[in-house]
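K.L.:
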Amino acid sequence: MLRNYLKTTWRSLIRNRNYALINLIGLTLGLGVAIVLFWIVRFEYSFDRYHAKADRLYRLIAKDKFGEMGTSIPQGVIKALNERVPGVENAANAYGYGSDGLRVGQTVFNLKHVFFVPPQFLEMIDVEWVQGSAQQSLSRPFQVVLDEPTARRFFKNADPIGKTIRYNNQFDLVVSGIIRKAPVNSEFQLQLLTSRETLKRIQNEYSNEEYWGGGDSMHHGYVVLKPGVSPSAIEAALKKLALQHQNESAIVAYELLPITEVHRNTETDPDPFNYVIPQWMLNTLMAIGLFLIVIACINFINLATVQAVQRSREIAVRKVLGSSRKQLMYRFFGETAFLVFAAIGLGALLATQLIQNADQLLNTQVAQSQVWDGGAVAFLLMLGFLVTFLAGLYPALVLSGFQPVKVLRGRFSLARSNGFSLRSSLVVTQFVIAQVLVICTLIGTRQIRYFYETDLGFDRKAIVTVKMPDRGNAVLRERFRRQLLDHPEVKDVAFALTTPSSAHNWWWRTIHHHNLPNGEQTFRMQYVDTNYFHFFKIPLIAGRSWTRADTNTVAIINEKAARDLGFRNPEKAIGERLNLEGNQPFTVMGVVKDYHSQSLRSTIVPHVFLYADWNFQLASIRIDPRQQPKALQHIEQYWKAIFPNYYFEASFLDQDLKAFYDDEQKMTNFLTLFAIVGILIGCLGLFGLVSFVVTQRTKEIGVRKVLGATIVSIVSLLSKDFLKLVGVAFAIATPIGWYAMSRFLEEYTYRIDIDWWVFALAGSLAGAIALLTVSVQSIKAALTNPITSLRSE
Numbered sequence: 018m019l020r021n022y023l024k025t026t027w028r029s030l031i032r033n034r035n036y037a038l039i040n041l042i043g044l045t046l047g048l049g050v051a052i053v054l055f056w057i058v059r060f061e062y063s064f065d066r067y068h069a070k071a072d073r074l075y076r077l078i079a080k081d082k083f084g085e086m087g088t089s090i091p092q093g094v095i096k097a098l099n100e101r102v103p104g105v106e107n108a109a110n111a112y113g114y115g116s117d118g119l120r121v122g123q124t125v126f127n128l129k130h131v132f133f134v135p136p137q138f139l140e141m142i143d144v145e146w147v148q149g150s151a152q153q154s155l156s157r158p159f160q161v162v163l164d165e166p167t168a169r170r171f172f173k174n175a176d177p178i179g180k181t182i183r184y185n186n187q188f189d190l191v192v193s194g195i196i197r198k199a200p201v202n203s204e205f206q207l208q209l210l211t212s213r214e215t216l217k218r219i220q221n222e223y224s225n226e227e228y229w230g231g232g233d234s235m236h237h238g239y240v241v242l243k244p245g246v247s248p249s250a251i252e253a254a255l256k257k258l259a260l261q262h263q264n265e266s267a268i269v270a271y272e273l274l275p276i277t278e279v280h281r282n283t284e285t286d287p288d289p290f291n292y293v294i295p296q297w298m299l300n301t302l303m304a305i306g307l308f309l310i311v312i313a314c315i316n317f318i319n320l321a322t323v324q325a326v327q328r329s330r331e332i333a334v335r336k337v338l339g340s341s342r343k344q345l346m347y348r349f350f351g352e353t354a355f356l357v358f359a360a361i362g363l364g365a366l367l368a369t370q371l372i373q374n375a376d377q378l379l380n381t382q383v384a385q386s387q388v389w390d391g392g393a394v395a396f397l398l399m400l401g402f403l404v405t406f407l408a409g410l411y412p413a414l415v416l417s418g419f420q421p422v423k424v425l426r427g428r429f430s431l432a433r434s435n436g437f438s439l440r441s442s443l444v445v446t447q448f449v450i451a452q453v454l455v456i457c458t459l460i461g462t463r464q465i466r467y468f469y470e471t472d473l474g475f476d477r478k479a480i481v482t483v484k485m486p487d488r489g490n491a492v493l494r495e496r497f498r499r500q501l502l503d504h505p506e507v508k509d510v511a512f513a514l515t516t517p518s519s520a521h522n523w524w525w526r527t528i529h530h531h532n533l534p535n536g537e538q539t540f541r542m543q544y545v546d547t548n549y550f551h552f553f554k555i556p557l558i559a560g561r562s563w564t565r566a567d568t569n570t571v572a573i574i575n576e577k578a579a580r581d582l583g584f585r586n587p588e589k590a591i592g593e594r595l596n597l598e599g600n601q602p603f604t605v606m607g608v609v610k611d612y613h614s615q616s617l618r619s620t621i622v623p624h625v626f627l628y629a630d631w632n633f634q635l636a637s638i639r640i641d642p643r644q645q646p647k648a649l650q651h652i653e654q655y656w657k658a659i660f661p662n663y664y665f666e667a668s669f670l671d672q673d674l675k676a677f678y679d680d681e682q683k684m685t686n687f688l689t690l691f692a693i694v695g696i697l698i699g700c701l702g703l704f705g706l707v708s709f710v711v712t713q714r715t716k717e718i719g720v721r722k723v724l725g726a727t728i729v730s731i732v733s734l735l736s737k738d739f740l741k742l743v744g745v746a747f748a749i750a751t752p753i754g755w756y757a758m759s760r761f762l763e764e765y766t767y768r769i770d771i772d773w774w775v776f777a778l779a780g781s782l783a784g785a786i787a788l789l790t791v792s793v794q795s796i797k798a799a800l801t802n803p804i805t806s807l808r809s810e
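If you read the sequence shown in the working numbering, its first letter stands for residue 18, the second for the next number, and so on.
Structure follows, in structure tokens:
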């Protein structure tokens, strides 16, 4: 019996190979992309679930009295968790940042993931030791643990234990342990770990374990709770302790974020060590995957039902010969399953190729993970059965329900009505989804272009930035400036803590003044060179700028800071005395025009600028863009000569600023791809439907041609019904697209207006593609010799 079913299924597909091929291509495209999205979403949700204590491991989030959330956790909090809060199994700080000055022999390396940690940190997370252990390898000063790839990079095939690494030309570290590389789906990419005792030796402020103040933005805190302990109980205990230390810190509460959610958390500081994928993006990917599966299923249903007329006599004969409706349904489900699982096989091959390039379209490292496993196979089987059921149920019911008497008498036909048939509704649904994707893509692209082209309030063109390793050495810094300015390819040089707009390395400090709410507010702190505002062309609108005779007791603020201080006229703010952190007074001597120091998702924030040459961590170099290669050569040459013990790396400011919008840019790329796939699948189905209609109306077309109908009139006759469906889809897609993108744009303080022409363009594009698809078959039918179609009459 099974063999007979398989044989007849194969014959049926061969006999209707055109429709089978269209179905197969549509299903392959839809299911292939859906498989890619499944791999991406599963991977992004899998972060740090492999730890044995993952259900009890949390990252600490600090909330200050101004409502700001951050990840800076003072060491006093960690000590209190370990000694004074019941229910805590372990707590630890991980102080991390990248290093540009790791010297092994005569070679300088740079690493992104460098951490100072206590031994218990590596007992809280799952780490596989190759050599050494947490207590042996990280308990004494100047010990260092490497992961295997870093050890091979530094020492090739030699045994690294006992070898020395020179750290930032300041001190030597001795390798005391080796660990396996962390899984790619982990926030803990630990390339180099040195003991916390080392940090205490080199930075005195971290030697006081009782201190609740300060807190560096790179100082992250983690806690493991005892089994059965509620995170809310620990949060309540920490809140009480925070109130006892109000004189040391602005932090008033701490929250516990499950370690499995850190990767998707976008409410705190940008993570300098790992990429973060927003939850809204994962939701969007899941919705798009579902839409593409729906479009592919609709194609199958439409093409299967329009074949009903062609297969009606076959079905009638089978019924006369004794086939029951149940047997016929099994047969039709078998045909559907054959096509669906063939499409899943081809889709899986397509997905395997696409996933290798996923990181070019989206911030994801899924290509580095193991995508094929038991879970992926189970998903494909479940997807196959689900699509078989959804796509095969209605056609099976329709085909198995034919009445053989009517069919064999030649009275059977698929009824046409003046209203919307199911087939028409399905075509409309396909094009609604496709046009919504096109609308979202067009608006998203315009918003990205707006980000890139908006005037930020400072000049960002032709500026190269490089780090200044010995930030407090004014002699080396000025030598670097003089050497560069000796060349006409370099126009100007300025030093600062960071550039006017940066995702990292900016500081917030509490400013005290009687006009502020409750007498205090956090301002963004920036340490800048005397020519900083002239370099970036930021206008000074009141007061004066610095001279080298000024000290850090005078400051410049921006317009927003002046307004927050109660001065709508910037001139009135000149001479005001402010206090930094309550104990460092300074006088306002100038006000600069507001500029965007963060992404355009955020509002302009108050700034305080101080001249503090001890903390100039970045050099900004304006070059002649026509002489870029020569300018970059000079920059690298002089930098390496002055800082031979550090790793050189330069970047362009305008490219760095584009990184603010990586998520939006890559999501727009994905939407573009999905819109193309959606329209392509819809057009495949439309092509099949037109082919069927042309076949059914062959004699009508022949009669019309004999009576004098032109090619244009016949094409119009065959096209108008389908174009009406595309028009109806446009009418439905427009409000859906407008609502979806209005909600999306609400997340941005600075955004575009949604113009009517975007919807007109999306509708015209869909209409033109549909017309082209329909016209191919319509013109072919119109050019057919009427004698051929009427010969049987």
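Glycine is no exception: its CB is placed at the ideal position from the N, C-alpha and C atoms.
#1: Exposed or buried, what is TYR756 when buried is set at 16 or more other beta-carbons lying within 10 Å of its beta-carbon?
#2: What's the C-alpha gap between LYS577 and GLU593?
#3: Determine the closest residue to TRP146 out of LYS675, SER614, ILE465, GLU165, with distance taken between C-alpha atoms.
#4: Are at least three pairs of beta-carbons, each pair with one atom in the segment 667 to 677 and one in the segment 528 to 548, less than 8 Å apart?
#5: From the DSSP output, in three-state form, read off ALA798 for me.
#6: Report yes if the CB atom of GLN538 is closer than 8 Å to the CB atom of ASP581, and no otherwise.
#7: Starting from the N-terminal side, write out each stretch of the beta strand (DSSP E) that is 3 residues or longer and does not extend beyond the segment 181 to 268.
#8: Fully enclosed by the segment 338 to 409, which beta strand (DSSP E) runs are 3 residues long or longer?
#9: Between which two residues does the beta strand (DSSP E) harbouring ILE95 extend?
#10: With the cut-off set at 8 Å, would you say GLN634 and LEU514 are in Cβ contact?
#11: Taking 8 Å as the cut-off, decide whether the C-beta atoms of PHE317 and LEU44 are in contact.
#12: Output the boundary residues of the alpha helix (DSSP H) element that contains LYS70.
#13: Check each candidate in TYR347, ILE196, GLN615, ALA69 and name the one with the smallest Cα separation from GLN206.
#14: What would DSSP say about ASP143, mapped onto helix, strand or coil?
#15: What span of residues does the beta strand (DSSP E) with MET606 cover, start to end?
#16: Would you list the one or two residues that DSSP bridges to MET542?
#17: Can you tell me whether ASN596 is helix, strand or coil according to DSSP?
#18: Go ahead and label GLN220 buried or exposed: buried means 16 or more other beta carbons lie within 10 angstroms of its beta carbon, across all protein chains shown.
#19: DSSP three-state call for TYR411: helix, strand or coil?
#20: What residue does the beta strand (DSSP E) around LEU701 start on, and which one ends it?
#21: What do you get for SER203, buried or exposed, if any count of 16 or more other CB atoms within 10 angstroms of its CB means buried?
#22: Taking the C-alpha atoms as reference points, what is the distance between ALA746 and VAL455?
#23: Strictly by DSSP, which residues pair up with HIS529?
#24: Identify whether ARG585 lies in helix, strand or coil by the three-state DSSP scheme.
#25: On the three-state DSSP scale, how would you describe ASN435?
#26: Using 8 Å as the threshold, is the segment 669 to 679 in touch with the segment 127 to 140, meaning 3 or more CB pairs across them?
#27: Measuring straight from C-alpha to C-alpha, what distance separates ALA750 and PHE355?
#28: Compare the C-alpha of LEU48 against each of LEU473, LEU397, THR211, SER614 and name the closest.
#29: If the criterion is Cβ atoms closer than 8 Å, does the pair ASN380 and LYS683 meet it?
#30: Throw me the rounded Cβ distance for the HIS624 and ILE574 pair, which I believe falls under 8 Å.
#31: By the DSSP assignment, the beta strand (DSSP E) with ASP509 in it spans what residues?
#32: In terms of alpha-carbon separation, which member of VAL201, PHE171, ALA253 lies closest to ASN291?
#33: Contact between the segment 482 to 502 and the segment 442 to 457 is defined here as three or more beta-carbon pairs at a separation below 8 Å; is this criterion met?
#34: Quick check: what's the CA-CA separation for SER434 versus ILE310?
#35: Got a sec, what are the start and stop residues for the alpha helix (DSSP H) GLY744 sits in?
#36: Could you compute how far the alpha carbon of SER616 sits from the alpha carbon of ASP476?
P.N.:
Reading off the structure:
#1: Walking along the sequence shown from the start, residue 756 turns up at place 739. Exposed: under 16 other Cβ atoms inside 10 Å.
#2: Along the sequence shown, one-based indexing puts residue 577 at 560. Along the sequence shown, one-based indexing puts residue 593 at 576. Those two C-alpha atoms are separated by around 15 Å.
#3: As a position in the sequence shown, residue 146 is number 129, starting the count at 1. Comparing Cα-Cα distances from TRP146 to each of LYS675, SER614, ILE465, GLU165, the minimum goes to GLU165.
#4: no
#5: The residue you call residue 798 lines up with position 781 of the sequence shown. It is helical.
#6: Numbered from 1 along the sequence shown, position 521 holds the residue referred to as residue 538. Numbered from 1 along the sequence shown, position 564 holds the residue referred to as residue 581. Contact: yes.
#7: 181 to 184, 188 to 196, 209 to 212, 236 to 242
#8: none
#9: Reading the sequence shown from its first residue, position 78 is the one you call residue 95. No beta strand (DSSP E) holds ILE95; the alpha helix (DSSP H) holding it covers 92 to 100.
#10: Here the question's residue 634 lines up with position 617 in the sequence shown. Here the question's residue 514 lines up with position 497 in the sequence shown. Cβ distance < 8 Å, so GLN634 and LEU514 count as in contact.
#11: Translated into positions along the sequence shown, residue 317 becomes position 300. Translated into positions along the sequence shown, residue 44 becomes position 27. Note that the C-beta distance between PHE317 and LEU44 is below 8 Å.
#12: Taking the sequence shown and counting its residues from 1, the one referred to as residue 70 is at position 53. Per DSSP, LYS70 belongs to no alpha helix (DSSP H) and is neither H nor E.
#13: One-based indexing of the sequence shown puts residue 206 at position 189. Measuring from the Cα of GLN206, the nearest candidate turns out to be ILE196.
#14: Within the sequence shown, numbered from 1, the residue matching residue 143 stands at position 126. Three-state result, ASP143: coil.
#15: Against the sequence shown, residue 606 aligns to sequence position 589. Note, MET606: beta strand (DSSP E), 601 to 609.
#16: In the sequence shown, residue 542 corresponds to position 525, counting from 1. MET542 pairs with TRP524, VAL625.
#17: Taking the first residue of the sequence shown as position 1, residue 596 is located at position 579. Strand.
#18: Working through the sequence shown from its first residue, we reach residue 220 at position 203. Classification of GLN220: exposed, given that the 10 Å Cβ count is below 16.
#19: Looking up residue 411 in the sequence shown gives position 394. Here TYR411 carries a helix assignment [DSSP, helix/strand/coil].
#20: Taking the first residue of the sequence shown as 1, we reach residue 701 at position 684. Per DSSP, LEU701 lies in no beta strand (DSSP E) segment; the continuous alpha helix (DSSP H) that holds it begins and ends at 679 to 713.
#21: Here the question's residue 203 lines up with position 186 in the sequence shown. Flag for SER203 reads buried.
#22: For the purposes of this step, residue 746 is identified with residue 729 of the sequence shown, where counting begins at 1. For the purposes of this step, residue 455 is identified with residue 438 of the sequence shown, where counting begins at 1. Approximately 13 Å, taken between the alpha carbons.
#23: As a first step, residue 529 must be located in the sequence shown, where it is residue number 512. Partner(s): GLU537, ASN596.
#24: For the purposes of this step, residue 585 is taken as residue 568 along the sequence shown, with counting starting at 1. Three-state DSSP puts ARG585 in coil, outside helix and strand.
#25: Locating residue 435 in the sequence shown gives position 418, where the first residue counts as 1. Residue placement at ASN435 cannot be trusted, given a pLDDT of 43 that sits under 50; what the coordinates show is reported in the next sentence. Reduced to three states, the DSSP call for ASN435 is coil.
#26: Here the segment 669 to 679 makes no contact with the segment 127 to 140; the two share fewer than three CB pairs at distances below 8 Å.
#27: In the sequence shown, counting from the first residue as 1, residue 750 sits at position 733. In the sequence shown, counting from the first residue as 1, residue 355 sits at position 338. So the alpha carbons of these two residues sit roughly 33 Å apart.
#28: To locate residue 48, count along the sequence shown from 1; it is residue 31. If we check each option's Cα against that of LEU48, LEU397 comes out closest.
#29: Residue 380 sits at position 363 when you count from the first residue of the sequence shown. Residue 683 sits at position 666 when you count from the first residue of the sequence shown. It is a contact, given that the beta carbons lie within the stated cut-off.
#30: Locating residue 624 in the sequence shown gives position 607, where the first residue counts as 1. Locating residue 574 in the sequence shown gives position 557, where the first residue counts as 1. About 6 Å; that satisfies the 8 Å criterion.
#31: Translated into positions along the sequence shown, residue 509 becomes position 492. Counting along the chain, the beta strand (DSSP E) containing ASP509 begins and ends at 507 to 513.
#32: One-based indexing of the sequence shown puts residue 291 at position 274. When each option's Cα is compared against that of ASN291, the closest is VAL201.
#33: no
#34: As a first step, residue 434 is located in the sequence shown; it is residue number 417 there, counting from the start. As a first step, residue 310 is located in the sequence shown; it is residue number 293 there, counting from the start. At SER434 the pLDDT is 43, less than 50, meaning the model places this residue with poor confidence and gives no usable figure here.
#35: As a position in the sequence shown, residue 744 is number 727, starting the count at 1. Its alpha helix (DSSP H) spans residues 728 to 762.
#36: Taking the first residue of the sequence shown as 1, we reach residue 616 at position 599. Taking the first residue of the sequence shown as 1, we reach residue 476 at position 459. Each residue's Cα considered, the two are about 16 Å apart.
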